Each structure stands twice: as C-alpha cells, then as structure tokens.
C-alpha cells in the first residue's frame, strides 16, 4: 500500500524485524462467521499451499463449532439452551469465557459475554431481524436473565453455572479471537510473517520479503472527512467497532448492533467508531466494543488511563470529529504524514 499522501501510523515494537526465508507471498481467502477471511503469508520452505489453506479453514471451523449460536450443535448453543445447573466446558471454550469475564470485570460490564438474550431480542441473533422494536417489558425480561455478574464459574472443575435462560454471546470478541488463533496456527506452521484479516479485524506478524511491514488502511465511518490513515502492522493487531457495520433503521433512527448491558438497548451516545491497537486481536476487538459502550467522555478517559492506543470518531452538532489517546497520537509518523 502506498504511504504517500496518507496519515501514517507506526505502532511501537520491542522486536527488530528480520526478513522471512522466502520471497513468496501467498494470498488465501475463505468464509467464516458470516463474513470473509483473508491471509497473506510468507510460507515456510516445503509448504503446500492447499495444506495451508486447509489448516486455516479447519482452525476457523473449530472456532465456529464452539462459539457460533447459529450452529445447532455448537457448545455455546448447548449451554444457552441447557436447564439450570452446573455444566462442564471444553478447554477452548473455558479459556475464551474466562478472558471475556475478565474483560467484563475490567470494563465494569461495558463488554459483556452474557447479553445473548438481548442480542436475540433486538434482531441481531439467530432468530433474525424483527419488524418492530422490543417493548420495555421485553427488554426488562431479557435484562433479568443477562449480566456478567449473574454467571458463576467453578475454576477447579472448569464449569459454569447456568442459572436458567442466560444466553452467552461472544460477538464482541469472537472475530478477534479467531484472528489470533489463525495467526498462531500460521506461526506454528512456519509462516511466521503474515497478515490475517477476518471481518475487518487484522493482525500482522513479521515483515514482507522486501522488509516492509504489512500496510493496512484504518477503517473510517462512511462520509467521514478524517484523513485516510494507514498503519504498519508489525507484531500488532487492530480492530474497529462502528455503528455502521451491523445496524437497522426504524423510523429514521439508527439502531447499531452494539448493546449497552446496563440499559438493554443499542448504544446511542454519539460514538460512531472506535479503533484500538493491541498485541492481541481479541483484546483489541473487545476493547473497541467496550470503549464504544462507555461513550464519548468515559471511553477516551478509560483508554487514556489504561494506556491504550485508541482512536474515536464521534458525532456532534458540527459533524464527525475525532479524538485520540496520547498513545495513538504518538504512533503518527510526522516525517511522512
């Protein structure tokens, strides 16, 4: 990607880049989680391209089998439909649930893996879109069975207590988690230099054969006048949460898919998009969601206090305006921007 005439971001790194052992870059792609995935990778010597494609798709299929509520036999669907009681969980499911609950605790519920009933109620889950808006009573009922503090975990037995009617939903974290898993799989197969993208969430590792990092364009809201921004992804991930990605319009009002677990309603606080850089795509994904829910004042304050590299686009009376944390601003390459 051409760097000229762009605002350029250079994320910090603790590792000096080294050229990969091949001049090849393979471009692979497929479908998963209702969206697309793409990989650009420098293969290890002796790697068969079809085998690498198969390994990536297999990794993603295993994630869907665990975490997709649309799959009738997925582990998450079995837990959601289970009667009240204590249920043992698989290792991979347990690990992501623990990470999600820790993030819920860290953000005071701004990202919450227990909002599946609300996701379904608002038409963003497996039941599909609805023609009208939920009533206050319906929202109250869904809130009554939601909330991360209602979910009890037994760490010794790697089990979760289903209180009855609580629906897990990892939509705020699943794509980022999948990006990390594919990246780790590629590294294990010797393709240590790669760029992984799933539904707009990205992670770049190593550098290309020409010693350049993986240059990517940062997603901006439609109609934004914010300068085109490109970033060097070298051992870092980036995720964007936007109210334009999945939403519906009812009576000229936008209802985005990001839900506020406190109100039980789609966020409506003026935050149009949040972009977060992190070494973990899963955490970048989750934090972008959390900062969106926190709003245009609390979100930037939290991000700055936590030392996050985050960028906000907010809707105001003057139009779309951007805010950025000091860490994000420090990534700007003044010699090129």
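In our numbering, the protein residues as written are 267 to 603.
The C-beta atom is built at its ideal place from N, Cα and C for all residues, glycine as well.
Since this is a predicted model, take the numbers as computed values, not measurements.
Nearest CA to the CA of residue 422: which residue from 352, 571, 501 and 440?
-> 352
Every unbroken beta strand (DSSP E) within the region 389-439, with a cutoff of 3 residues, ordered by chain | If we require 3 residues or more, the beta strand (DSSP E) runs fully inside the region 389-439 come out as 418-420 and 425-428.
In whole angstroms, what separates the C-alpha of residue 284 from that of residue 448?
-> 21 Å
For residue 267, which residues of its own chain have a beta-carbon under 8 Å away from its beta-carbon, when the five flanking residues on both sides are left out?
-> Unreliable positioning characterises residue 267 in this predicted model, as indicated by a pLDDT of 46, which lies under 50. The coordinate reading is nonetheless provided below. Result list for residue 267: 481, 482, 483 and 496, in chain order.
Provide the residue(s) that pair with residue 514 in DSSP beta bridges, ordered along the chain.
-> 521
Classify residue 415 as buried or exposed, calling it buried when 16 or more other Cβ atoms lie within 10 Å of its own Cβ.
-> For residue 415, the number of other beta carbons within 10 angstroms of its own is below 16, and it is reported as exposed.
Over the uninterrupted alpha helix (DSSP H) stretch that includes residue 548, give me the two end residues.
-> 547-571
Any idea if residue 441 is buried or exposed, counting beta-carbon neighbours within 10 angstroms, 16 or more meaning buried?
-> buried
How many angstroms separate the CA atom of residue 325 from the CA atom of residue 584?
-> The alpha-carbon atoms of residue 325 and residue 584 are separated by roughly 45 Å.
With distances taken between CB atoms, is the gap from residue 487 to residue 508 smaller than 8 Å?
-> yes
Please name the residue, chosen from 332, 446 and 412, that lies closest to residue 504 on a Cα-to-Cα basis.
-> 446
Since I believe residue 562 is in contact with residue 536 (beta carbons under 8 Å), could you give me their beta-carbon distance rounded to a whole number of angstroms?
-> 5 Å
So does the region 378-397 actually touch the region 459-468, counting three or more Cβ pairs closer than 8 Å?
-> Taking 8 Å as the limit for Cβ pairs, the verdict is that the region 459-468 does not touch the region 378-397.
Using 10 angstroms around the beta-carbon of residue 557, count the other beta-carbons present and answer buried if the total reaches 16, otherwise exposed.
-> buried
Kindly indicate which residue of 375, 455 and 547 has the alpha-carbon position closest to the one of residue 444.
-> 547
C-alpha distance - residue 578 paired with residue 529, whole-angstrom precision | 22 Å
Helix, strand or coil for residue 336, going by three-state DSSP, please let me know.
-> coil
Own chain, CB closer than 6 Å to residue 469, minus 5 neighbours either side, in chain order | 445, 449, 462, 503 and 547
Helix, strand or coil at residue 270 according to DSSP, with G and I counted as helix = Reliability of the predicted coordinates at residue 270 is poor, the pLDDT of 48 falling under 50, and the value obtained from them is presented with this limitation in mind. Note: residue 270 maps to coil in three-state DSSP.
Pick out whichever of 413, 319, 587 and 473 has its Cα sitting closest to the Cα of residue 279.
-> 473
Cβ-based neighbour list, residue 589, same chain, cut-off 7 Å, excluding 5 preceding and 5 following | 566, 578 and 580
Boundaries of the alpha helix (DSSP H) in which residue 575 is found, first to last residue | Taken as a continuous stretch (DSSP letters only), residue 575 belongs to no alpha helix (DSSP H), being part of the beta strand (DSSP E) at 575-582.
Just grab the DSSP bridge partners of residue 464 for me.
-> 303 and 467
Identify every residue that forms a DSSP beta bridge with residue 292.
-> 307
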